[in-house]
């Protein structure tokens, strides 16, 4: 009986050797728990184009330069619908391109990455025209894993501004970034 070859994590470093599908189920967890013990459940997720109109020019320029054409976007909420988390997983040509993009975006603010909402349910109202998100308590992170550029943003759904609540948005955004990526695909183990 012939056994399957062992999975080689280095295969995730190049587009031509990475067999991970560009889907929410392959690149995003169905749920995650942050360092504060709060569980977040995915309420939307899909593959989309990279250069959305809500993205600031500085981020668009970098994404365009590194050849981003598709990304997976997911949103999560906690069970009390207080915090929504947006996660972007962007597959690029190779690990070096992801590293370079991550470095080039070091000066980008959380709000420069744009914003996505689920079509229905908690958080959907945040994408209604004219909703100002800039003053709301929010935290975001970016990073890379293999050939994937990652970004997360956590925001209070009430859009309130209270710096004492940042520990909660930071924990949510950090956990989302740690959990997103190709390790969610069963074929990558």
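In this note's numbering, the protein residues as written are 827 to 1015. Heads up, the beta-carbon is just placed ideally off N, CA and C, and yes, glycines get one too.
Problem - Endpoints, the beta strand (DSSP E) within which residue 968 is located - result: 964–971
Practice task
Under the assumption that residue 1008 contacts residue 889 (Cβ atoms under 8 angstroms), give the Cβ distance between them as a whole number of angstroms.
Solution key: That belief does not hold up - the Cβ atoms of residue 1008 and residue 889 are roughly 19 angstroms apart, past 8 angstroms.
Problem - For residue 946, the three-state DSSP class (helix, strand or coil) - result: coil
Practice task
Counting only the same chain and skipping the five closest in sequence on each side, list residues whose C-beta sits under 7 angstroms from that of residue 876.
Solution key: 889, 894, 895, 896, 897, 916
Exercise for the section: Kindly indicate the opening and closing residues of the beta strand (DSSP E) around residue 1014. Expected result: No beta strand (DSSP E) contains residue 1014, which DSSP labels as neither H nor E.
Problem - N- and C-terminal bounds of the beta strand (DSSP E) containing residue 904 - result: 896–904
Handout entry: Supposed close pair residue 885, residue 938 - CB separation, criterion 8 angstroms
Key = 5 angstroms
Handout entry: Cβ pair residue 833, residue 1015 closer than 9 angstroms
Key = yes
Practice task
Given a cut-off of 9 angstroms, decide if residue 984 and residue 1002 are closer than it, judged by their beta-carbon atoms.
Solution key: no
Problem - For residue 970 and residue 909, the rounded distance between their alpha carbons - result: 24 angstroms
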